[in-house]
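Input: a single structure, listed below in structure tokens.
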DNA sequence: TCGTTTCATCGTCTTTTTACGATAAAGGAT
DNA sequence: ATCCTTTATCGTAAAAAGACGATGAAACGA
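Protein chains in written order, with my numbering: chain F, 33 to 144; chain B, 33 to 144.
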């Protein structure tokens, strides 16, 4: 028998439910965090917050990345719901998704 | 010459500074987001917020991951500054880093 | 001292992400 | 109709992340 002298108090005693699943909201939150967890995408996000309406090309000009790469990052941000793009002639006009960004902030404030 | 009829207004005109670097804070913020951008780490984070003092083994019990993997995730959270661990006998006691978590929330509220 | 427990780290394999050139679709100009 | 611009997507190569077994260090009990 080996029992080491733990100085800490255990608060969760019922380990009947082994797995500690995330809620749908937490999952979504994590997904958004992942999207912003890349410097380039954080840059894009900030750029969009300062330049509410701009097209892909504007962002490409400002980042040291190829157009294809920027487009890919924009897709990640879109899939996370942080950004939405509307086709504007031959271009695509991007802007932050206000509702989802607000939700994100709220979640960070409350859930975490 | 080709000029397509853009319906949107351009707000940033001075493209003298081509690169749009992140500030130190934004970089740090992105780093923290990346850490929480993985479901397992989000789970650990929430677990720690509900069980303020617990050792690695407690977390391993609760996640469907090997001990080595959990330890690796804890390192990521530590490196991001979200969590700190203190050696407690043969074990390591983990808890959230209150100051940094508070900073994180503040940043999300203001910067984004 | 010797066995036991806890945990971080190492080595390795697999999967995912990132980045880019090339290409094609879509829209506007001429 | 033809050319030009914009951008998403494809294919691919390189880099990073994720997962796990094995190992070793640290701490305690017997």
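Quick reminder that beta carbons are idealized off the backbone N, C-alpha and C, glycines included.
Just so you know, these numbers come straight off a predicted model, no measurement behind them.
Within chain B, the residues that residue i reaches when beta carbons sit closer than 8 Å
i                    : result
residue 70 (chain F) : 62 and 66
Beta bridge counterpart(s) of residue i as assigned by DSSP
i                     : result
residue 126 (chain F) : F:86 and F:117
Under 7 Å by beta carbon: chain F residues contacting residue i
i                    : result
residue 99 (chain B) : Those do not exist, as residue 99 (chain B) stays about 15 Å from chain F at its closest Cβ, beyond 7 Å.
residue 19 (chain B) : Shown here, chain B extends from 33 to 144; a query on residue 19 (chain B) therefore has no answer.
Chain B residues whose Cβ lies nearer than 7 Å to that of residue i
i                     : result
residue 137 (chain F) : 140, 141 and 144
Cβ shell of residue i (< 8 Å), same chain only, five flanking positions each side left out
i                     : result
residue 133 (chain B) : 114
residue 140 (chain B) : 61
residue 137 (chain F) : none
residue 77 (chain B)  : 68, 109, 114, 115 and 128
Under 9 Å by beta carbon: chain F residues contacting residue i
i                     : result
residue 133 (chain B) : 144
Same chain only: Cβ atoms within 7 Å of residue i, ignoring 5 sequence neighbours per side
i                     : result
residue 72 (chain B)  : 95, 97 and 105
residue 67 (chain B)  : 73, 108, 109, 112 and 114
residue 81 (chain F)  : 128
residue 102 (chain B) : 88, 91, 92 and 95
residue 63 (chain B)  : 112
residue 135 (chain B) : none
Neighbourhood of residue i by C-beta distance below 6 Å, restricted to the same chain and skipping five residues each side
i                     : result
residue 123 (chain F) : 87
residue 118 (chain B) : 125
residue 99 (chain F)  : 92
residue 38 (chain F)  : With a pLDDT of 47 at residue 38 (chain F), under the threshold of 50, the modelled position of that residue is not reliable, and no figure is offered here.
Reference residue i, options the options, closest by Cα
i                     : options                      : result
residue 84 (chain B)  : B:59, B:92 and B:129         : B:129
residue 120 (chain F) : F:89, F:53, F:144 and F:56   : F:89
residue 79 (chain B)  : F:135, F:58 and F:131        : F:58
residue 53 (chain F)  : B:143, B:144 and B:70        : B:70
residue 143 (chain B) : F:143, F:144, F:131 and F:75 : F:75
Near the ligand ADP: residue i beta-carbon under 8 Å from a heavy atom
i                    : result
residue 60 (chain B) : Within the structure as shown, the ligand ADP is missing, as the structure has no ligands at all.
>> Give the list of continuous alpha helix (DSSP H) stretches no shorter than 4 residues that lie fully inside the segment 61-107 of chain F.
In response: 71-82 and 88-94
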